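*Asks:* Numbering (the working numbering), first residue to last: 39 to 112.
(1) Whole angstroms is fine: what's the gap from residue 79's alpha carbon to residue 59's?
(2) Leaving out the 5 sequence neighbours to the left and right, which residues in its chain are closer than 6 Å to residue 70 when beta-carbon positions are compared?
(3) Can residue 97 and residue 55 be called in contact, C-beta distance under 9 Å?
(4) So the alpha helix (DSSP H) residue 60 belongs to, where does it begin and stop?
(5) Kindly indicate which residue of 111, 92, 85 has the alpha-carbon position closest to the one of residue 99.
This is the structure we're talking about:
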């Protein structure tokens, strides 16, 4: 339920590190994508694809949608 940009910015960095570590593991990587894809889906739906809002909301949208796409959600 978190919707703070600073939190998602840190989550994004942490996910990128773990993603890089797991990307060559065909057994774990799909599970990792599913787990974080499910976690990011509610906020990605909430922020939407329309480029609007405050600067912080736009940064949040960019970060969340980037994570969502990396997890196979579009």
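Cβ atoms here follow ideal geometry from the backbone N, Cα and C, with glycine treated the same way. Computed from a prediction, not measured in an experiment: that's the story for all the values here.
*Replies:* Taking the coordinates as given:
(1) Residue mapping note: residue 79 aligns to position 41 of the chain shown, counting from 1. Residue mapping note: residue 59 aligns to position 21 of the chain shown, counting from 1. It is roughly 22 Å from the alpha-carbon of residue 79 to the alpha-carbon of residue 59.
(2) Position 32 of the chain shown, counted from the start, is the residue given in the question as residue 70. Hits under 6 Å: 60.
(3) Along the chain shown, read from residue 1 onward, the residue named residue 97 stands at position 59. Along the chain shown, read from residue 1 onward, the residue named residue 55 stands at position 17. Contact: no.
(4) As a working mapping, residue 60 is identified with position 22 in the chain shown. Segment 43-60, the alpha helix (DSSP H) holding residue 60.
(5) Sequence index remark: in the chain shown, residue 99 carries index 61 (1-based). When 111, 92, 85 are compared, the shortest CA-CA separation from residue 99 is found for 85.
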